[in-house]
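In the numbering used here, each residue's number is its place in the sequence shown (first place is 1) plus 1.
Cβ atoms here follow ideal geometry from the backbone N, Cα and C, with glycine treated the same way.
As the structure is a prediction and not an experimental result, all values here were calculated from the model.
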Amino acid sequence: MAKPGERNLITDVPGLTVGNAGDARALTGVTVVLPERPAVAAADVRGGGPGTREIQVMDPANLVDVVHAICLSGGSAFGLDAAGGVMARLASRGVGFPVAGHVVPIVPAAILFDLPLGDKNWGEDPPYRELGKQAVENAGAGFALGNAGAGMGATAGPLKGGLGSASLVLDDGIAVGALVAANPTGHTVMADGRTFWAWALERDGEFGGNLPPQRGAADDPGAVTSAAGANTTIAVVATDAKLNQGQAQRMAIMAQDGLARAIRPVHTPFDGDTVFALSVGQRPVAGPADIARIGQAAADCLARAVARAVWLAEDAGGVRCYRSTLG
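Structure, rendered in structure tokens:
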């Protein structure tokens, strides 16, 4: 039976580290996923207001077939600068493609909207490039969740959002993990204010030991009000199975269903929901049935990661967290 890995983090997938960096005054931050070796990657974008960088480079029809990092950032479009900082720090380490006497790392990125929280009066010098560099320096197998990294200024409907992660090790040893900066327009909790939409997927009390919902708990939790580009959930799923780009793309597509299991509504016109998929290992896959199992596990991990992000978040910027609303 599949069970969470030792840390219940995406870094239970061997060959991955994750680094966070944040600006406490601005209530914003950056999270970087670093593979030990260049990784096969893909992406799936479902939201109506995405902010991304280097997405097309992962198209199987194009030349480049691996990436050197994935960058998730707050800051709306300003946050895309974080990937430049990640590139600069990786290049200084000699990580990237050798091109005409230079080293060029490939760092796809996605951003979320967290401008309302904190003091973001930074003038002409947004902090994201430096935060990207710091996140690379901070990378390791263990990392903070909740109000951390790209989730520092996140909100989840009416609640404080955050950074979440979860993992599963399948019965044949294949590891699958998810990392999410949960900042959705939609709700992660049912109308009762207590039950996570992802409650049935919880493992070992990882988001509070939710009981089955009471009758009526799954009613519409309330109207969604937002503005274009004002939210977005961004995520990375990974496995140590050896996938090609097409198979990684299918993993990313299936993983999006994890957002649908944890957020209602999801993929709205106001969100830029984007999921990256990474293959960082050499475990063989036998065929489409294996890809289906891996994709299913990625979706479940991503749903759990969303709930963990909200469960572990703390009050910030005038927005109450889930635990503080329970009384």
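{"Asked": "Name the two residues that bound the continuous beta strand (DSSP E) containing Ala239.", "Found": "235 to 242"}
{"Asked": "Ends of the alpha helix (DSSP H) at Arg294?", "Found": "289 to 313"}
{"Asked": "Specify the secondary structure class of Ala249 as computed by DSSP and reduced to three states.", "Found": "helix"}
{"Asked": "For the region 87 to 167, which segments carrying the alpha helix (DSSP H) assignment without a break, of at least 4 residues, lie completely within its bounds, in sequence order?", "Found": "129 to 138"}
{"Asked": "From the DSSP output, in three-state form, read off Ile11 for me.", "Found": "helix"}
{"Asked": "Give, in chain order, every unbroken run of the beta strand (DSSP E) that is at least 3 residues long and sits entirely within the region 17 to 43.", "Found": "17 to 24, 29 to 36"}
{"Asked": "Can you tell me where the alpha helix (DSSP H) with Ser325 in it begins and where it stops?", "Found": "323 to 326"}
{"Asked": "Would you check if the region 24 to 34 and the region 135 to 153 touch, i.e. whether three or more CB-CB distances between them fall below 8 Å?", "Found": "yes"}
{"Asked": "Applying the criterion that 16 or more other CB atoms from any shown protein chain within 10 Å of the CB defines a buried residue, is Pro270 buried or exposed?", "Found": "exposed"}
{"Asked": "For Phe277 and Ala256, what's the separation of their Cα atoms in angstroms?", "Found": "9 Å"}
{"Asked": "Can you say whether Ala25 is buried or exposed, counting buried as having 16 or more other CB atoms within 10 angstroms of its CB?", "Found": "exposed"}
{"Asked": "Residues in the same chain with beta-carbon distance under 8 Å from Ser77, minus the five sequence neighbours each way, listed in chain order, please.", "Found": "Gly52, Ile112, Leu113, Phe114, Asp115, Leu116, Gly230"}
{"Asked": "Check the C-beta distance from Ala136 over to Val14 and give it rounded, since I have them as a contact under 8 Å.", "Found": "That pair is no contact at about 18 Å."}
{"Asked": "What's the C-alpha gap between Val96 and Thr275?", "Found": "25 Å"}
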